[in-house]
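In this note's numbering, the protein residues as written are 103 to 306.
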């Protein structure tokens, strides 16, 4: 019952991921961070099996940081996405494959563009303007198709994500109360105000 939503605009890319950690029918906590900073301009959200997401995200983070130390420059979003895809594809051929669905978002300083890549647990990858994983994607896709514009400001993008999350929280039987929001731009990575169920309800 997890949800992650990513949107790429002209100058930045934004990712929203629910913060719910659940085991069977029990909510363990609602402050889990499922979006990871891979480098100064690169984010990755990971949802799926809880052990797999943590292990794979940490493995990718350390390897991408090691690449920067060895080569004295960061991977571009495209390079990082293909590197992550190769590692996920390799794990599929092992006895313990990772069951993770990913959104890789970053800002390419060379091209001065924000990029978003969507990847499923079978290592299928596509570069896109907006993407989502989980049941929440069923409800957010139509909203994004209708209201998305590449020239949106951070505030407009935040409100668009907020509209998607309000619909997810309204439609799903099992609530996802909290969503963490992060953006990657030329200035680096920044965390925005989390979107919470109570805040969305009161502001309507």
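Quick reminder that beta carbons are idealized off the backbone N, C-alpha and C, glycines included.
Between residue i and residue j, is the Cβ-Cβ spacing less than 8 Å?
i, j, result
"residue 250", "residue 232", "yes"
"residue 132", "residue 281", "no"
"residue 140", "residue 166", "yes"
"residue 201", "residue 150", "yes"
"residue 267", "residue 297", "yes"
"residue 170", "residue 155", "no"
"residue 209", "residue 216", "yes"
"residue 287", "residue 107", "no"
"residue 221", "residue 204", "yes"
Nearest-angstrom Cα distance between residue i and residue j?
i, j, result
"residue 111", "residue 214", "12 Å"
"residue 47", "residue 158", "What the structure shows of the chain is the stretch from 103 to 306, and residue 47 is not part of that stretch, so it cannot be assessed."
"residue 264", "residue 294", "12 Å"
"residue 229", "residue 179", "10 Å"
"residue 160", "residue 278", "24 Å"
"residue 51", "residue 276", "The shown model of the chain, from 103 to 306, leaves out residue 51, and the question about it has no answer."
"residue 181", "residue 245", "30 Å"
"residue 172", "residue 109", "31 Å"
"residue 162", "residue 153", "14 Å"
"residue 105", "residue 283", "12 Å"
"residue 206", "residue 129", "26 Å"
For a test of the three-state rule: what should DSSP assign to residue i, helix, strand or coil?
i, result
"residue 136", "coil"
"residue 213", "coil"
"residue 179", "helix"
"residue 103", "coil"
"residue 162", "helix"
For residue i, which beta-bridge partners are listed by DSSP?
i, result
"residue 115", "110 and 286"
"residue 128", "125"
"residue 351", "A query on residue 351 cannot be resolved here, the shown segment of the chain reaching from 103 to 306 and no further."
Can you find at least 3 beta carbon pairs, one from the region 266 to 281 and one from the region 190 to 210, that sit closer than 8 Å?
Short answer: they don't touch.
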